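The numbering of the sequence shown is the working numbering, which starts it at 2 and goes up by one.
C-beta atoms are modelled at their ideal positions from N, C-alpha and C, and glycine is treated no differently.
Keep in mind it's a predicted model, so treat the numbers as computed, not measured.
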Amino acid sequence: MTRVLVLNGPNLGRLGVREPEVYGSATHEDLCARVEGWASGLGLEAEVRQTDDEGELVRWLHEAVDTGADVVLNPAAFTHYAYAVRDAAAQVTGPGGLLVEVHLSNPAARETFRHLSVVGGVATGTVAGFGIDSYRLALEAIAARRGRRTSSPRP
Ligand code: DQA
């Protein structure tokens with residue numbers, strides 16, 4: 002079964018209370034439940050993790066490489082400046098692993114500093130702007146690439 006690490010960066014543990022007008026009212030726990038449901042409907046085995054720590058995120062990306070897991074990555078603010086996260090993401094996709102960069106909001110439609118993603122250039126692809134559904138679309142893209150079902154039952 003295709004294993005997918007769903008990795009969330011800094012401040013995403015604050016979903017539900019953090020700027021709900023931008024990020025929605027669902028909590029990180031809600032996100033985990035939705036992602037796990039979508040993944041199992043698609044025949045994927047997903048594990049969701051969140052960290053505020055760049056080193057931990059880098060180590061989880063190394064783990065994905067070493068265990069052959071694909072990755073859905075919301076690097077949060079690290080997106081815009083963290084070259085160590087970019088270099089770790091490149092190690093996932095370099096040998097053929099899939100890494101989909103996701104964002105709840107659409108950074109391109111927000112402040113200028115959010116327009117640059119240092120991760121996007123080494124990602125397989127990017128999904129942004131669909132709230133938690135960005136994760137569903139990313140999982141569907143991975144399932145499609147891995148030859149699994151391409152749509153999951155909607156809640
Ligand atoms: C985000 C967008 C980033 O610019 C921001 O720093 C985040 C969340 C998103 O999911 O929309 O923390 O990655």
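What is the DSSP secondary structure of residue 71, reduced to helix, strand or coil?
Locating residue 71 in the sequence shown gives position 70, counting from the first residue. Looking at residue 71 - three-state DSSP - the assignment turns out to be strand.
Examine ligand 1 and report whether any of its heavy atoms sits within less than 7 Å of the Cβ of residue 62.
In the sequence shown, the residue the question calls residue 62 occupies position 61. Not so, every heavy atom of ligand 1 lies at least 7 Å from the Cβ.
State whether the region 63 to 81 contacts the region 100 to 109, with contact taken as three or more CB pairs (one from each stretch) at a distance under 8 Å.
In short, these stretches touch, since the Cβ pair count reaches three.
Residue 49: first and last residue of the uninterrupted beta strand (DSSP E) it sits in:
As a position in the sequence shown, residue 49 is number 48, starting the count at 1. Boundaries of the beta strand (DSSP E) harbouring residue 49: 45 to 51, taken from the DSSP string.
What are the boundary residues of the beta strand (DSSP E) that includes residue 129?
On the sequence shown, residue 129 is found 128 positions in, with the first residue counted as 1. First-last of the beta strand (DSSP E) with residue 129: 126 to 129.
Could you give the C-beta distance for residue 128 and residue 118, rounded to a whole number, given that I count them as a contact under 8 Å?
As a first step, residue 128 must be located in the sequence shown, where it is residue number 127. As a first step, residue 118 must be located in the sequence shown, where it is residue number 117. With a Cβ gap of about 12 Å, residue 128 and residue 118 do not count as contacting.
Is residue 78 closer than 8 Å to residue 9 when the C-beta atoms are compared?
Residue mapping note: residue 9 aligns to position 8 of the sequence shown, counting from 1. Residue mapping note: residue 78 aligns to position 77 of the sequence shown, counting from 1. No, they are not a contact pair.
Any heavy atom of ligand 1 closer than 7 Å to the Cβ of residue 144?
Here the question's residue 144 lines up with position 143 in the sequence shown. Answer for residue 144: no, Cβ out of range of ligand 1.
Would you kindly report the start and end of the unbroken beta strand (DSSP E) that includes residue 104?
What you label residue 104 is simply residue 103 of the sequence shown in a count that begins at 1. Counting along the chain, the beta strand (DSSP E) containing residue 104 begins and ends at 100 to 104.
Between residue 47 and ligand 1, is there a pair consisting of the residue's CB and a ligand heavy atom that are separated by less than 7 Å?
Stepping through the sequence shown from its first residue, residue 47 is reached at position 46. Checking the Cβ of residue 47 against ligand 1 gives no.
Excluding the 5 residues preceding and the 5 following residue 133 in the sequence, name in chain order all residues of the same chain whose CB lies nearer than 6 Å to its CB.
On the sequence shown, residue 133 is found 132 positions in, with the first residue counted as 1. Taken in chain order, the residues that qualify are 27, 32, 35.
Going straight from the alpha carbon of residue 59 to that of residue 17, what length do you get?
As a first step, residue 59 is located in the sequence shown; it is residue number 58 there, counting from the start. As a first step, residue 17 is located in the sequence shown; it is residue number 16 there, counting from the start. CA-to-CA, the gap between residue 59 and residue 17 works out to about 25 Å.
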